Each structure stands twice: as structure tokens, then as C-alpha cells.
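Engineer: So in our numbering, spot 435 of the sequence shown is number 459, and the numbers just go up one at a time. Beta carbons are placed, not taken as given, at the ideal position from N, Cα and C, and that holds for glycine. Since the structure is predicted, the reported quantities are computational estimates derived from the model, not experimental observations.
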Amino acid sequence: MRLRSRTGRRDTPREQRVGAGANSVSAPVVIDPASPPPQWASSNEAWRTPAEAARVPTTGSRLRTKLALLVTDFAILNIAFLVAYWLRYDLRLWPETAEFFDAPLSSYFTAQTVFVGLSLVMVLRLGLYRLKRTTQWLDEVGMIANAVTIAISVLVIIFFLLRPGVTSRAMLAYVWVGSIGLLSTFRLVLRWIISRRRRAGIGVSRILVIGAGHLGKMVMQQIAGRPGLGYDLAGFCDDVACAQGTNFGRFECLGPVRDLPGVIATHRIDEVVIALPSAEHATILSIVGLCERMGVEFRLVPETYDLTLGSLEVDHIAGIPLIGRRETTIRGINLVIKRVIDILASSVALLVSAPVIALLAIAVKIDSPGPVFIPQVRVGMRGRTFRCFKVRSMHQDADRRLADLMKDNEAGGVIFKMRDDPRRTRVGRVLRKLSLDELPQFWSILTGEMSLVGPRPPFPHEVAQYEDWHKRRLSVTPGLTGLWQVSGRSDLPFDEMVMLDLYYIENWSLSLDLKIILRTIPTVISGRGAY
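1) Taking just the CA atoms, how far does F466 sit from S371?
2) Anyone know if the C-beta pair for I398 and F410 falls short of 8 Å?
3) With DSSP as the reference, please indicate the residues paired to G503 in a beta bridge.
4) I need the straight-line Cα distance from I540 to L142, nearest angstrom please.
5) If I follow the unbroken alpha helix (DSSP H) through E316, where does it start and stop?
6) Let me know the secondary structure DSSP gives D256 once reduced to three states.
7) Distance, Cα to Cα, V380 vs G254?
8) Let me know if I549 comes out buried or exposed under the rule of 16 or more other beta-carbons within 10 Å of its beta-carbon.
9) What does DSSP give as the partner residue(s) for T547 in the beta ladder?
10) So, with DSSP's three-state summary, where would you put T209?
11) Within 10 angstroms of the Cβ of G313, are there 16 or more other Cβ atoms? Answer buried if so, exposed if not.
12) Looking at I234 and V281, is the spacing between their C-beta atoms short of 8 Å?
13) With a CB to CB cut of under 6 Å and the five nearest residues on each side skipped, what residues in its chain are close to S468?
14) By Cβ distance, which residues of its chain are closer than 6 Å to P221, with the 5 residues on each side in sequence left out?
15) When we look at the beta-carbon of H485 and count the other beta-carbons within 10 Å, is it buried (16 or more) or exposed?
16) Spell out the partners DSSP gives V233 in its beta bridges.
17) Three or more beta-carbon pairs under 8 Å between the segment 278 to 296 and the segment 240 to 248, yes or no?
18) Mind checking who G279 pairs with in its DSSP beta bridge?
19) State whether the segment 385 to 396 contacts the segment 524 to 542, with contact taken as three or more CB pairs (one from each stretch) at a distance under 8 Å.
20) How long is the line joining the alpha carbons of D428 and L463, rounded to whole angstroms?
21) Can you give me the Cβ contacts of L516 inside the same chain, cut-off strictly under 7 Å, excluding the 5 residues immediately before and after it?
22) In the DSSP assignment, find the unbroken alpha helix (DSSP H) run with E462 in it and report its ends.
23) For the pair the segment 134 to 149 and the segment 168 to 178, tell me if three or more CB-CB distances fall below 8 Å.
24) State the beta-bridge partners of Q19 as determined by DSSP.
25) Mind checking who F322 pairs with in its DSSP beta bridge?
26) Could you give the first and the last residue of the continuous alpha helix (DSSP H) run that contains V510?
27) How many whole angstroms separate the CB atoms of I182 and V147, which I take to be in contact at a CB cut-off of 8 Å?
28) For Q268, count neighbouring C-beta atoms within 10 Å of its own C-beta (all shown protein chains included) and say buried if the count is 16 or more, exposed if not.
29) A240 to S192, Cα distance in whole Å?
30) For R543, collect the residues of the same chain with a Cβ closer than 7 Å to its Cβ; drop the 5 residues on either side in sequence, then sort them by chain order.
31) Name the two residues that bound the continuous alpha helix (DSSP H) containing T173.
32) To the nearest angstrom, how far is the alpha carbon of A77 from that of V325?
33) Any idea which residues DSSP pairs M418 with across the strands?
34) Using the C-alpha atoms, what's the distance from D537 back to V477?
35) Between Y132, R416, D492 and R424, which lies nearest to T455 when the distance is taken from Cα to Cα?
36) Let's see if you can read the secondary structure: which residues bound the alpha helix (DSSP H) around M242?
As C-alpha cells, this is what we get:
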């Protein structure tokens, strides 16, 4: 959750309690408001070398970047209009109509001006120029499509209701498709260029994590695994880890929380991520106040077991805000659309994968004795159990040997995961690596017990160990792939898997499903996190 810094000075507590991740420690935290020298108060650029300052985006550079994007989009939209005219009137891809083919380019000047202007206004309003590091390309494509569609719709109203002149409907169709295609392609190329520059250390932001508990470690893992975002993780601050001399992999504890001003200055920190328990509210406020005074951006990470912001809705009674849980969007017409997509996609997938499943069956029978398919009882929506099938990837005595291997569980929580599981057959290792053992589950999707995208269906014995907040993942139809499968798969701890499932439930949309499906393909091919 991003909080924007506010101007002005704030009185902050001098002594607080500090939390190390999920646990709170009874130790006073003193963050002296006077500790940063005066030259730090207005900007963190004052204590950078010229070379370092040049590698960090400033307000001026961001403004210039936005202006450059605006000018480029202006040019692309005009080019799209000219290309559309060329396709319609020079190539004549549409059935010829004498009235339309006599229209010169100048007759479309008004339409071109209105379209380009409206498109840029809508792109601005939809936030395409906010330059957020975490925005995905498909999100940008969605904003571009919305902006261009609105602009074209206004043109349709103007030129087909008011009829100020001759206008070709095919021409507007070409403009619509061309504008979305060219703008989206430009954004894709731009993202590739920016990613390359960030990997080279240009435009990166030095980041510091406060807290070394589960939340802090999760943040560090995610930042380290996404160098294209442009974050350079300097390390973390935590009282307990510092006292014990504990580091987290290659990331060092840079000091206790009370030394935060010095750490920010010494390590040239641009942004602070606060990953402390919400019970340490006073300490968090103290850190926020310090960041404001030093001109350092800050972000807050909600605790694992807290309600995520996407699940909340706010109502009012006589001006009193009432916060409650928002219903999932996977209902009503959205549920019908999702089900239709599941039926169509699973039908095609079963037909296409039938020869592959036949070859897998032969390989499994040759490799080891036992059946080709194994039935499994899983828990679906609202706790209902159902039976799904998988291609066998383990020896027949796998269930009996599970108890002996529990001590080697690498997943933690209620699920069992093991990288080099000795129960797996030779063919089974390949099946699991590429997730080919799950192909028969398209039948469960066709019958409605599963969906293409959703939380993975758990075993009954896993559900029996769920905490209350875990059970909310059973509020929707389970899926073949999901958000955590494309965010690390089995490499993620169980609580983080559930958090990603809850995020999906609370923020579901058709575009989110599409993004997950598109990300599933390279994830499966690479085999990352599959075991």
C-alpha cells in the first residue's frame, strides 16, 4: 500500500516498541528527529555524489519522461490515422463506394484532431503516464484499449448522428485497431528498453526494508527476483536480527531501527518499505515521519493475516465510515462468462491433449508398474469434495512412504513439497517438471468442478489444518492454474500462496485471468518452482 508523503513537520514519539516481523520486542526505539543534518531535510539528493544522483529518477526527469511519452503517443496516434486512411483509400481493402473514395485526407482533419485529442485526454485520465514500476504491460494495453475505444465511440456519435461530412466506418475501424496495436507495441518495446537500462543500474532506486520477519523476507524475495522493476535492495533494518548478527541470504542487516537516519544517509536510500506488525503503530508513524523529513519515499506492507485493501468496502451512516468485506466479483454475469470460457477452453484442450495423454500413458506403463491414472479426492468450492484424475508420477507405495518423508517437507504449513522426492518415477520427474500430469484435469474443468484459473484444490487433510483465514480460498471454484503458480509455484511458503489466492479472489477480472494464463505458459515451459 503506497502512502504519499505529506509536507510539513510532525511531532513523533521518541520512544517506541519495535517489531521484528511477526513478533514484537520490548525494546525502546529512539529515532531522533534532529539526527539528520539540515541539508537532508529538503531532498535526499544533497548527500549523493553527482554520479549517483544522475542514476536516480528525479521529479524533473520524470516530468520530462512523461512529456516525451505524451509527444510520442501524439505522433503514433496521428500515424495510425494516416495508415488507416492509406489502407482504406489507397489499398481499398473494403468494397468500393464512390462517395467514400472521393474523400480527400483533408476531409478527415476534424475527425483526426478530435480522435487524437480525446485519446490523449483519456490516456492521461486513466493513469498511463504515472510511470509506476509495478504496472504490467497487459495493464497498459487495457488502459490504451479503453482510451482509444472511448475516443472512437465519441467520433461515431459525432459523425454518424450529426453527420458533419462523409466518413467511412471502415476507416474508423482501421484507426481503432491500428491505434491500439501501435501504442501497445511501443509500450512493449519501451518496457524492454527500460528493463535493460535498469539491469545496467540506470534509473534504479535504492530500497531498504524495515523488519526481518515473514513480511520482510517476503518483500526481499520478491524484489530480488524482479530486477527489471529497477529496485536495488540495500539490505534491511531489524533490532532482533541486528542483535543476533543474522543476515537473510546475501542481504545484510544494516542496523537497528533506532539507527535508521544514519542507515538512510550512509547507504543512499531512496525508498523505505515498512514491513512491521500493525501492533507497532507508533513505531511505524515515527518511521513515516522520518522519511517525510528526509525526502525519502516510503511504502507500508500489510500483515499476512490482515484484510487486504482489495477486500474492503466503505459505507457511511450519518458521516460515520463503516468498513466491511466486499463480496467477490466472481458472481452473477461474471461467473457465467467465466464458465462459458472454461467450457470452450477445456473442450479444445481435451481434444488437443488426447494424443499427448495417450503417449504419456504408454511411457508411464513402460517405466513402472501400476495404473496410468490415479484418482484424488480434492476439496472444491464451499468445502464440497470431488474426484479429479492425474497421470501417475509416483511409485505405487507413495502414500505409505509419505509419513517417513514429512520431516523433509520444504513447503512448510499444511502442504508437502520436496524437490527431490524419492517417490517419483523417472517419467514422473518429467511429468511434474512440465505439469503434464495435470492434463486430465481439463475433464474436471469441463464438468464444472474446476476452472481454468483459481486457487488450487487442496486435499481434505490439508483443509483440516487450515486456519480461519485460509478457508476463504474455498469461496470460489478451484483452478488448474492460479496467481501463486505463476509467482514462484512450490518455492513459495504456504501462507504466501494463500495470500496470492485471496488477492485473486478479491481482485478477479477477465483481464486478470488472461494475464495468469499467459504467464502460465512460460512458467510451465521453464519448469521454475515445479516439484
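Structural biologist: Per the coordinate set shown:
1) The sequence position of residue 371 within the sequence shown is 347, counting from 1. The sequence position of residue 466 within the sequence shown is 442, counting from 1. About 8 Å.
2) For the purposes of this step, residue 398 is taken as residue 374 along the sequence shown, with counting starting at 1. For the purposes of this step, residue 410 is taken as residue 386 along the sequence shown, with counting starting at 1. Cβ distance not < 8 Å, so I398 and F410 don't count as in contact.
3) The residue you call residue 503 lines up with position 479 of the sequence shown. DSSP lists S475 as partners of G503.
4) What you label residue 540 is simply residue 516 of the sequence shown in a count that begins at 1. What you label residue 142 is simply residue 118 of the sequence shown in a count that begins at 1. Rounded to whole angstroms, I540 to L142 spans 31 Å at the Cα level.
5) Within the sequence shown, residue 316 is the residue found at index 292, counting from 1. Counting along the chain, the alpha helix (DSSP H) containing E316 begins and ends at H305 to M318.
6) By one-based count along the sequence shown, residue 256 stands at place 232. In this structure, D256 counts as strand in the three-state DSSP scheme.
7) Residue 380 sits at position 356 when you count from the first residue of the sequence shown. Residue 254 sits at position 230 when you count from the first residue of the sequence shown. Looking at the two C-alpha atoms, the distance is approximately 41 Å.
8) The residue you call residue 549 lines up with position 525 of the sequence shown. Burial call: exposed.
9) Indexing the sequence shown from 1 puts residue 547 at position 523. Answer is none; T547 lacks a bridge partner.
10) Position 185 of the sequence shown, counted from the first residue, corresponds to residue 209. In this structure, T209 counts as helix in the three-state DSSP scheme.
11) In the sequence shown, residue 313 corresponds to position 289, counting from 1. Here G313 is buried. Its C-beta has 16 or more other C-beta atoms within 10 Å.
12) Position 257 of the sequence shown, counted from the start, is the residue given in the question as residue 281. Position 210 of the sequence shown, counted from the start, is the residue given in the question as residue 234. A Cβ-Cβ contact shorter than 8 Å links V281 with I234.
13) Counting from one through the sequence shown, the residue named residue 468 turns up at place 444. The residues are C412 and M474.
14) Here residue 221 corresponds to residue number 197 of the sequence shown, with the count starting at 1. As written in the sequence, residue 221 is Arg, which differs from the Pro given in the question. Taken in chain order, the residues that qualify are G227.
15) Taking the sequence shown and counting its residues from 1, the one referred to as residue 485 is at position 461. Answer is exposed; the Cβ neighbour count stays below 16.
16) Reading the sequence shown from its first residue, position 209 is the one you call residue 233. Listed as beta-bridge partners of V233 by DSSP are F260 and V297.
17) Between the segment 278 to 296 and the segment 240 to 248 there are fewer than three C-beta pairs closer than 8 Å, too few to call the two in contact.
18) Looking up residue 279 in the sequence shown gives position 255. Answer by DSSP bridge pairing, in chain order: C261.
19) As far as the Cβ criterion goes, the segment 385 to 396 does not touch the segment 524 to 542, which means the pair count is below three.
20) Along the sequence shown, one-based indexing puts residue 428 at 404. Along the sequence shown, one-based indexing puts residue 463 at 439. Computed Cα separation, rounded: 29 Å.
21) Start at 1 with the first residue of the sequence shown, and residue 516 comes out as number 492. The residues are W508.
22) The residue labelled residue 462 in the question sits at position 438 within the sequence shown. First-last for E462: undefined, no H or E at that position.
23) yes
24) Residue 19 falls outside the range modelled here, since the chain spans only 25 to 555, and no answer is possible.
25) The residue labelled residue 322 in the question sits at position 298 within the sequence shown. F322 is bridged to V296.
26) Position 486 of the sequence shown, counting from 1, holds the residue named residue 510. No alpha helix (DSSP H) contains V510, which DSSP labels as neither H nor E.
27) Position 158 of the sequence shown, counted from the first residue, corresponds to residue 182. Position 123 of the sequence shown, counted from the first residue, corresponds to residue 147. About 20 Å separates the two Cβ atoms, so there is no contact after all.
28) For the purposes of this step, residue 268 is identified with residue 244 of the sequence shown, where counting begins at 1. Q268 should be labelled exposed.
29) Residue 240 sits at position 216 when you count from the first residue of the sequence shown. Residue 192 sits at position 168 when you count from the first residue of the sequence shown. According to the sequence as given, residue 240 is Gly; it is not Ala. Roughly 57 Å separates the two Cα atoms.
30) Counting from one through the sequence shown, the residue named residue 543 turns up at place 519. Once the five neighbours on either side are set aside, the close Cβ partners of R543 are V510.
31) For the purposes of this step, residue 173 is identified with residue 149 of the sequence shown, where counting begins at 1. For T173, the enclosing alpha helix (DSSP H) stretches over residues W161 to I181.
32) By 1-based counting over the sequence shown, the position of residue 77 is 53. By 1-based counting over the sequence shown, the position of residue 325 is 301. Note that A77 has pLDDT 45, beneath the 50 cutoff, so the model's placement of it is unreliable and no number is given.
33) Here the question's residue 418 lines up with position 394 in the sequence shown. Its beta-bridge partners are R448.
34) Taking the first residue of the sequence shown as 1, we reach residue 477 at position 453. Taking the first residue of the sequence shown as 1, we reach residue 537 at position 513. Approximately 6 Å between the Cα atoms of the pair.
35) Stepping through the sequence shown from its first residue, residue 455 is reached at position 431. The amino acid occupying residue 455 in the given sequence is Leu; Thr does not appear at that position. A check of alpha carbon separations from L455 across Y132, R416, D492 and R424 identifies R416 as the nearest.
36) Along the sequence shown, one-based indexing puts residue 242 at 218. It spans H238 to A248 - the alpha helix (DSSP H) in which M242 sits, taken as one unbroken run.
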